[in-house]
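Q:
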Amino acid sequence: MRDTMVKINDRYEFPLQLDLDRENGKYLSPEADRSVRNLYTLHSVLVHSGGVHGGHYYAYIRPTLSDQWFKFDDERVTKEDIKRALEEQYGGEEELPQTNPGFNNSPFKFTKYSNAYMLVYIRESDKEKIICNVDEKDIAEHLRIRLKKEQEEKEQKRKEKAEAHLYTIIKVARSEDLLEQIGKDVYFDLVDHDKVRSFRIQKQITFNLFKEEVAKEFGIPVQLQRFWLWAKRQNHTYRPNRPLTPQEEAQSVGQLREVSNKANNAELKLFLEAEIGQDLRPVPPPEKTKDDILLFFKLYDPSKEELRYVGRLFVKGSGKPLEILTKLNEIAGFAPDQEIELYEEIKFEPNVMCEHIDKRLTFRSSQLEDGDIVCYQKPPPMGSDEQCRYPDVPSFLEYMHNRQVVRFRSLEKSKEDEFCLELSKLHTYDDVAERVAHHLGLDDPSKIRLTSHNCYSQQPKPQPIKFRGVDHLSDMLVHYNQTSDILYYEVLDIPLPELQGLKTLKVAFHHATKDEVVIHTIRLPKQSTVGDVINDLKAKVELSHPSAELRLLEVFYHKIYKIFPHNEKIENINDQYWTLRAEEVPEEEKNLAPHDRLIHVYHFMKDTTQNQVQVQNFGEPFFLVIHEGETLTEVKMRIQKKLQVPDEEFSKWKFAFLSLGRPEYLQDSDIVSSRFQRRDVYGAWEQYLGLEHSDNAPKRSYAANQNRHTFEKPVKIYN
């Protein structure tokens, strides 16, 4: 009836015992064993609650076939009585208990959406074999191992959770972590604390005891370890701030954590300063006075666009960078007298701040303090052939901060990534178009048209980005308050600025005699008229005769809403939501007699969902001339001929006059024109001749689903 899946909730009873030997075993298959008694007992009932498009399953089971039933609903298991497991799962309708039993009002009934879906019966003669105890040895070994492991993990997690308040997590960052991460995982600051070694330590243990565990883990004797606390600075950077004092190291781990962070989380973050001597053995860390400043150094190579960590040094606040240049050259592997430029990495949120350091000023005058980062490099080559994209540290850090890998998809295949480009959020519209054109091997970037991504629908936005319509890549990737990394592209046949001066319309041309629809893309200057569209179409389509006239219609959900006047400007015509249809004007419409009427004819069927009859239109609407005094029989003959419907099919069709969406069925002898007395009635008052029949068209769409044809016409698309 509906050409769709439905769930049937009708009442269907099932017994507690099922005798399949009855009536000479007519319900048994030919090969069934008839030497045994085929009496079955209900073991379980699987219930589905809900409809076709969604719902929930649960089961009533009596595991030992005793009178006690259990309901298994996800992780909840409850005891239930037999009525709940059987009768309440038969389906059908349920009566609501009456609120006023004394009054003679009929009870309110409603369909039950929970009912039995599958039944499991067990043959009485086999029940001892089936319902027996399950020993551990009955479970496959790989499952036993897995279940045991899962149980242990669950227990471990439960224990950890219960004891979490007794422990502190200590994350220890070392030079090795900085070396490993800087230039790969991190470019700003020093380390990602989630990727360093973490220890779970009982809060009451003293810090000195914890140092012994560190000695075991890293092979650095307790007396050679020096720990620094990290601190979050006002500019949102995170740096080692000061070494722990001997008094602090004597405290418990729990007390120390409270000293270290005001935001009361359960972690203590530390930097382990450990010196390695010439023989690769640990040596004591240098004495630190008030004048000593711990600095961290990163080295930048402009030709390789590479930043890496090279080490840390103590410098005197009263000293000058000039005094450590030889040392810096040595750890970089440069010649001792190599000229180098020094920069301080200050912050990176919301913007990068990285300033040149004057080598002649003291470190204190340059406001350098413990935990600061100095980046250095050889001076960029002047006037050489090889041009570096990012010649100095500030430009490289700026690039890293704004770097954005964008996934590009062809608008035609909007679900799959085609290629990725590494761009900068600060790239202009032209920069992005040029990079895409270059990747595609296209000479003219203005032929690239880009479309942004809608983060909510996960689809391209309906409107493409206008030529230079946004300033930067960052504007292309923003959708409300979300940022995406997807852009869609098209390669146009003409430059985008030129195309924007044109209006593009998709027009479906219905051939007068052939049963086919051809979709043409018409592109004309915006100030053109409908007449220009028709002239353009005439050159592209096959007409039934050279002097045929064309008209342009607006069709929306299988109704004709408008015939466009030839002088209407095309700029405001929207073909996105409804179909523009072009067709030849039939000869009979050109020579209307004074009392002839041009009426709308639509296909419809009645939809009885939600207990009310609604008219649903489908297929292709059309115009028809009706003559004065013409009966429905005569009109039907012309419609059948026009639509070429076989007699057998056509005999099932009903014909109705529709106004306000209500059908009044017509008899063959009715005079059709007498119904259509009012002229030009649109909107809710519209009148049309309705053809009621089933929609036999396969449900396939072109342009939009509303353009389904009654009789499937082949569709060709010409762009």
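Here the sequence shown is numbered in this note's numbering, starting from 80 and rising by one per residue. Here a beta-carbon is modelled for each residue, glycine too, at the ideal position from N, C-alpha and C. Note that this is a predicted model, so its numbers are computed, not measured.
#1: Rounded to the nearest angstrom, what separates Arg305 and Arg360 at their Cα positions?
#2: Please indicate yes or no: does the CB of Ile161 lie closer than 7 angstroms to some heavy atom of the ligand NAD?
#3: In this structure, what does DSSP give as the bridge partners for Ala252?
#4: Would the beta-carbon of Asp471 fall within 8 angstroms of that of Glu420?
#5: Determine the DSSP secondary structure at Asn117, reduced to helix, strand or coil.
#6: Just to confirm, is the Cβ distance from Leu571 to Lys526 under 8 angstroms?
#7: Specify, as a first and last residue, the run of the beta strand (DSSP E) that Phe635 falls within.
#8: Does Arg439 pass the burial test, meaning 16 or more other C-beta atoms within 10 Å, or should it be called exposed?
#9: Could you pull the DSSP bridge partners for Asn696 from this structure?
#10: What is the C-beta distance between Ala111 and Val124, in whole angstroms, given that I count them as a contact (C-beta under 8 angstroms)?
#11: Helix, strand or coil, according to DSSP, for Met461 in the structure here?
#12: Could you check whether His590 and Leu616 sit closer than 8 angstroms to each other, using their CB atoms as the reference points?
#13: Between which two residues does the beta strand (DSSP E) containing Leu303 stretch?
#14: Do Val609 and Leu631 have their C-beta atoms within less than 8 angstroms of each other?
#15: Under the assumption that Asp835 contacts Asn320 (Cβ atoms under 8 angstroms), give the Cβ distance between them as a whole number of angstroms.
#16: In this structure, how does DSSP classify Gly762 when only helix, strand and coil are distinguished?
#17: Which first and last residues belong to the alpha helix (DSSP H) in which Gly104 is found?
#18: Rounding to the nearest angstrom, what Cα-Cα distance links Leu603 and Leu581 in this structure?
#19: Can Ser531 and His558 be called in contact, C-beta distance under 8 angstroms?
#20: For the beta strand (DSSP E) holding Arg279, just list the boundary residues, first then last.
#21: Taking the straight line between their C-alpha atoms, what separation do you get for Gly740 and Trp657?
#22: Would you tell me roughly how many angstroms separate the C-alpha atoms of Ala763 and Leu770, rounded to the nearest one?
#23: Since Lys721 contacts Asp654 with CB under 8 angstroms, what's their CB separation in whole angstroms?
#24: So does the region 82-97 actually touch the region 113-129, counting three or more Cβ pairs closer than 8 angstroms?
#25: Specify, as a first and last residue, the run of the beta strand (DSSP E) that Pro109 falls within.
#26: Alpha carbon to alpha carbon, how far is Phe475 from Cys499?
#27: To which residues does DSSP link Gln456 through a beta bridge?
#28: Kindly list the residues whose CB is nearer than 6 angstroms to the CB of Gln693, restricted to its own chain and excluding five residues on each side of it in sequence; keep chain order.
#29: Taking Tyr388 as the reference, which of Glu366, Lys399, Glu424 and Ile372 has the closest Cα?
#30: On the CB-based measure, 16 or more other CB atoms within 10 Å of its CB, does Ile639 come out buried or exposed?
#31: Going by beta carbon distance, what residues of the same chain come within less than 8 angstroms of Gln579, once the five residues before and after it are set aside?
#32: Since Lys605 and Glu650 are thought to touch, with beta carbons under 8 angstroms apart, how far apart are those beta carbons, to the nearest angstrom?
#33: On the three-state DSSP scale, how would you describe Pro576?
#34: Any contact between the region 698-708 and the region 744-752? By contact I mean 3 or more CB pairs, one from each, below 8 angstroms.
#35: Taking all protein chains shown into account, do 16 or more other C-beta atoms lie within 10 angstroms of the C-beta of Val270, making it buried, or fewer, making it exposed?
#36: Whose CA, out of Gly412, Glu628, Leu768 and Leu373, lies closest to the CA of Gly396?
A: In terms of the structure at hand:
#1: Arg305 and Arg360 have their C-alpha atoms roughly 16 angstroms apart.
#2: This structure lacks the ligand NAD; in fact it carries no ligand of any kind.
#3: Per DSSP, Phe350.
#4: Taking C-beta atoms as the reference points, Asp471 and Glu420 count as a pair closer than 8 angstroms.
#5: Asn117 sits in coil when the DSSP states are folded into three classes, being neither helix nor strand.
#6: In this structure, Leu571 places its C-beta atom within 8 angstroms of the C-beta atom of Lys526.
#7: DSSP places Phe635 inside the beta strand (DSSP E), whose first and last residues are Leu629 to Phe635.
#8: When all chains shown are included, Arg439 counts as exposed.
#9: In the DSSP assignment, Asn696 is bridged to Phe683.
#10: About 24 angstroms separates the two Cβ atoms, so there is no contact after all.
#11: The answer is coil: DSSP assigns Met461 none of H, G, I, E or B.
#12: In this structure, His590 does not lie closer than 8 angstroms to Leu616 by Cβ.
#13: In this chain, Leu303 is not harboured by any beta strand (DSSP E), its DSSP state being neither H nor E.
#14: Using a Cβ distance threshold of 8 angstroms, Val609 and Leu631 count as a contacting pair.
#15: Residue 835 is absent from the structure shown; the chain starts at 80 and stops at 798.
#16: Caution applies to Gly762, whose pLDDT of 49 falls short of 50 and renders its modelled position unreliable; the value that the coordinates give is listed next. DSSP places Gly762 in helix when its eight states are reduced to three.
#17: Here the alpha helix (DSSP H) through Gly104 covers Arg101 to Gly104.
#18: C-alpha of Leu603 to C-alpha of Leu581: approximately 5 angstroms in a straight line.
#19: Yes; because the gap between Cβ atoms is below 8 angstroms, this pair is in contact.
#20: Its beta strand (DSSP E) spans residues Arg276 to Gln281.
#21: Rounded to the nearest whole angstrom, the C-alpha separation of Gly740 and Trp657 is 20 angstroms.
#22: Low per-residue confidence applies at Ala763: pLDDT is 44, beneath 50, and the placement is therefore not dependable, though the value from the model is reported in the following sentence. In a straight line, the C-alpha of Ala763 is about 19 angstroms away from that of Leu770.
#23: Cβ atoms of Lys721 and Asp654 stay farther apart than 8 angstroms, at about 26 angstroms.
#24: Result yes; three or more Cβ-Cβ pairs closer than 8 angstroms.
#25: Counting along the chain, Pro109 falls outside any beta strand (DSSP E), and DSSP gives it neither H nor E.
#26: Counting only the Cα atoms, Cys499 lies some 21 angstroms from Phe475.
#27: Answer is Glu420.
#28: If we look at Gln693 and ignore the five residues flanking it on each side, its Cβ neighbours are Asp686.
#29: When only C-alpha atoms are compared, the closest one is Glu424.
#30: Taking all protein chains in view, the Cβ of Ile639 is crowded by 16 or more other Cβ atoms within 10 Å, so the residue is classified as buried.
#31: Cβ neighbours of Gln579 beyond the five flanking positions: Lys545 and Phe546.
#32: Confirmed, about 4 angstroms.
#33: Note: Pro576 maps to helix in three-state DSSP.
#34: The region 698-708, when compared against the region 744-752, does touch it at the 8 angstroms Cβ threshold.
#35: Result: buried.
#36: Minimum Cα distance to Gly396 is reached at Leu373.
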